[in-house]
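Using the numbering used here, read the sequence shown as starting at 17 and increasing by one per residue.
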Amino acid sequence: MEPRGPVGVPSDFRAIDATILADRWDVGEIEAGSFGFLDERRDLGNPVRWDPDDATQLWLFHLHYWEWAWSLAAHPDQDRARSTFASQWRSWSDQTTFGRWNAWAPYPVSLRAWVLLNTFDRLVAGGDLEDSMVAALGLHAGFLQRHIELDIGGNHVIKNLKALVGLGAFLHDDDLIDLGLEHLDREVEKQVLADGGHFELSPSYHCQVLADFVDISNLLRSSGHEPVPALDDAVHRMRCWLGSMRTPEGGVPLFNDCEPVSDELIDLLQPGPAATEGLTVLEPSGYVIVRRGPLHLIADVGQPGPSSPPGHIHADCLSFVLYVHGEPVVVDSGTSEYGSGPRRQHERSTAAHNTVEVDGIDQTEVWGAFRAGRRARATLERAEISDHAVVITASHDGYRHLPGSPVHRRTWTVSESAVAITDEVVGTGHHRISSRLHVPETALVAPVTDDRPLDPPPRIRSVELSFGDVGAPAGAEQHPSTVWRRGFVARGFGRLLPAVTVTNEREVELPAVVTTTIDVVS
């Protein structure tokens with residue numbers, strides 16, 4: 017470890033965000049008070065209006081993260097960057113009140129503290145702001161000591177603890193580091209599952225938490241502290257999990273609340289190797305991966321999410337994504353916003369996923385922005401290679417509260433030329449069952465512009481879809497309907513891309529069986 021001054025992080029430590037976010041923001045736009053977050057730009061003037069009335073809370077949180085300072089720190093004209101930073105920091109300090117939302121919510125405080133302590137040498141050290149910035153970071157540390165988000169839990173707590181460890185290293189305060197590590201020891205055991213998955217079951221939050229763990233581990237080493245074996249073991253297992261879950265495109269599937277993760281970040285996280293063929297079962301986190309010839313299928317066969325926090329849960333048991341020859345053919349509809357409203361409600365609903373819906377009701381009760389109530393309970397019944405195919409069977413009881421107590425059981429049979437899906441809904445009584453597939457526009461032979469039901473249906477590259485009749489008691493009334501309709505899938509906050517939703521719907525007497533076949537074509 018190289019000698020340091022009275023404050024600062026070791027010169028040989030480089031935070032992951034220092035690389036990932038170095039070119040994210042334009043310095044000229046920052047100077048002008050123009051900020052873009054979540055695919056939405058606002059011109060806030062100079063001096064900046066730090067609490068614009070028309071912004072969502074999530075957008076305001078991003079503003080108060082100060083992550084755009086990474087781009088200032090990386091700018092080649094450091095005089096310009098330091099001047100811009102100083103101007104913005106003074107106006108922020110003048111307009112915000114200690115302890116007051118949104119600037120002083122614990123999560124933005126954690127991210128902002130991490131940015132400030134890591135950009136201090138480039139943007140502050142040796143200048144007029146040095147003493148006041150050190151005092152401000154001490155204020156951040158005192159605030160976080162009293163506001164660790166144990167009530168929210170999950171990735172929020174990890175951000176709090178990372179900031180505490182970082183502030184302890186910066187201020188040379190071992191008590192802060194010890195406090196962070198004391199909580200971190202419990203959180204690692206709680207949040208990292210036996211297969212290495214993060215317990216919120218979102219691949220992008222998995223990457224975020226893994227990056228936090230890597231940063232903490234590297235900073236401790238650079239600061240001369242003993243490694244934390246449990247933390248390093250968690251990093252290893254999380255890297256292996258990430259390697260197994262990567263899609264043929266190199267990214268991650270967008271299960272639950274999830275956004276695309278950049279290739280650059282994934283590479284920095286050093287994911288473990290993935291199998292090139294066959295079956296991978298990540299049972300604790302509830303994902304099964306099949307690689308068979310040109311087919312790459314990832315199935316969600318686990319629980320909706322942890323008992324707490326419930327905020328990133330979707331009603332998506334037995335959903336899946338499918339790639340053919342490396343291209344996405346069946347995709348998750350993703351997450352485009354966190355604000356409470358119709359779009360958020362839809363994106364968390366069963367109808368937004370590639371699974372079966374009964375009577376137009378969500379299998380897991382989701383509402384508001386981050387609420388979840390009654391939950392489906394999933395069971396993985398079978399996952400094996402049999403007769404030159406991979407067979408997966410899983411079930412859930414998310415409709416047990418309906419008359420006749422329906423249970424959905426799905427079997428995927430994956431050969432080198434097809435995916436055969438058998439959906440069995442057992443129970444009694446008359447019900448409407450709807451099976452959906454979400455197909456991205458990139459998989460279509462021609463784009464779709466008509467918002468009405470599409471007849472004839474558009475052609476999909478590489479595959480053909482077919483739907484089998486429903487098996488039901490003799491004489492039961494059946495009203496089959498397969499509808500193709502233009503829709504959208506989210507590819508990040510504020511980003512909706514065209515897609516087609518295929519809905520195979522039937523009115524039946526239970527028990528009933530629906531089959532869907534996805535054949536690979538030349």
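By construction, the Cβ of each residue, glycine as well, lies at the ideal position given by its N, Cα and C atoms.
On the criterion of 16 or more Cβ atoms from any shown chain inside 10 Å, does residue i qualify as buried, or is it exposed?
i, result
"Val518", "buried"
"His446", "exposed"
"Ile534", "buried"
"Ile401", "exposed"
"Thr292", "exposed"
"Val406", "buried"
"Pro422", "buried"
"Val268", "buried"
"Ala210", "exposed"
"Trp66", "buried"
"Glu373", "buried"
"Phe101", "buried"
"Asp283", "exposed"
"Lys206", "exposed"
"Glu493", "Low per-residue confidence applies at Glu493: pLDDT is 48, beneath 50, and the placement is therefore not dependable, though the value from the model is reported in the following sentence. Glu493 comes out exposed."
"His404", "exposed"
"Phe114", "exposed"
"Arg390", "exposed"
"Thr371", "buried"
"Ser538", "exposed"
"Gly61", "exposed"
"Leu166", "exposed"
"Arg468", "exposed"
"Thr532", "buried"
By Cβ distance, which residues of its chain are closer than 8 Å to residue i, with the 5 residues on each side in sequence left out?
i, result
"Met17", "Interpretation of Met17 is limited by its pLDDT of 29, a score under 50 that renders its predicted location unreliable; the figure taken from the coordinates is listed afterwards. These residues qualify, in order along the chain: Pro26, Asp28, Ser238, Ser239, Gly240."
"Val251", "Leu226, Phe229, Val230, Ser233"
"Arg255", "Gly212, Leu226, Leu285, Gln286, Pro287, Gly288"
"Phe186", "Val23, Gly24, Val25, Leu133, Phe136, Leu153"
"Ala246", "Asp201, Val204, Glu205"
With 8 Å as the threshold, decide whether the Cβ of residue i is near any Cβ in chain B.
i, result
"Ile476", "The structure shown contains no chain B, having only a single protein chain."
Using a Cβ-Cβ cut-off of 6 Å (strictly less than) and excluding sequence neighbours within five positions of residue i, which residues of its own chain qualify?
i, result
"Arg138", "Ala89"
"Ile164", "Asn176"
"Asn520", "Ser451, Phe483, Thr498"
"Asp273", "Ser218, His328, Thr351"
"Asp33", "Trp86"
"Ala399", "Val297, Val304, Ile408"
"Glu203", "Val173"
"Arg359", "Glu353"
"Thr366", "Ala331, Glu373, Asp378, Gln379"
"Val208", "Ala250"
Please go through the same chain and pick out, in chain order, the residues whose beta-carbon is closer than 7 Å to the beta-carbon of residue i, but skip the five residues on each side of it.
i, result
"Val455", "Val345, Val346, Ile476, Ala515, Val516, Val518"
"His341", "Pro310, Ser478"
"Pro264", "His312, Tyr339, Gly342"
"Leu54", "Leu74, Trp75, His78, Phe509, Gly510"
"Arg507", "Pro276, Gly350, Leu513"
"Leu195", "Gln161, Leu180"
"Gly294", "Arg307, Ile401"
"Trp37", "It is Leu, not Trp, that sits at residue 37 in the sequence shown. Within the same chain, Leu37 has close Cβ partners Glu83, Trp86, Ser87."
Could you spell out the range, first to last residue, of the alpha helix (DSSP H) harbouring residue i?
i, result
"Phe186", "170 to 187"
"Ser239", "Segment: none, Ser239 is in no alpha helix (DSSP H) and carries neither H nor E."
"Ile164", "Unbroken run through Ile164: none, as it is neither H nor E."
"Ala38", "Neither: Ala38 is in no alpha helix (DSSP H) and is coded neither H nor E."
"Glu353", "Neither: Glu353 is in no alpha helix (DSSP H) and is coded neither H nor E."
"Gly44", "43 to 47"
Taking the continuous beta strand (DSSP E) assigned at residue i, which residues delimit it?
i, result
"Ile377", "Neither: Ile377 is in no beta strand (DSSP E) and is coded neither H nor E."
"Ser497", "497 to 506"
"His412", "405 to 412"
"Glu397", "394 to 402"
Determine which residues share a DSSP beta bridge with residue i and list them.
i, result
"His454", "Thr517"
"Ala385", "The partner list for Ala385 (beta bridge, DSSP) is empty, contrary to what the question assumes."
"Arg477", "Its beta-bridge partners do not exist; DSSP assigns none."
"Ala434", "Asp535"
"Glu523", "Arg448"
"Glu440", "Arg425, Val529"
"Gly52", "Arg57"
"Val225", "None; Val225 has no bridge partner."
"Glu373", "Ser450"
"Ala126", "Checking the displayed sequence, the identity of residue 126 turns out to be Ser instead of Ala. None, per the DSSP bridge assignment."
"Val208", "His214"
"Leu247", "In DSSP, Leu247 forms no bridge with anything."
"Ser482", "Thr533"
Tell me whether residue i counts as near the ligand FAD, meaning its Cβ is closer than 7 Å to at least one heavy atom of that ligand.
i, result
"Phe136", "Ligands displayed in this structure: none; no statement on the ligand FAD is therefore possible."
As an exercise, report each continuous beta strand (DSSP E) stretch of at least 3 residues that is fully enclosed by the segment 263 to 348, in chain order. Entirely contained in the segment 263 to 348, the beta strand (DSSP E) runs reaching 3 residues are, in chain order, 294 to 298, 303 to 308, 311 to 316, 336 to 340, 343 to 346.
Please specify which runs of the alpha helix (DSSP H), each continuous and at least 4 residues long, are wholly inside the segment 60 to 105, giving them in chain order. Taken in chain order, the whole alpha helix (DSSP H) runs of length 4 or more contained in the segment 60 to 105 are 73 to 81, 85 to 90.
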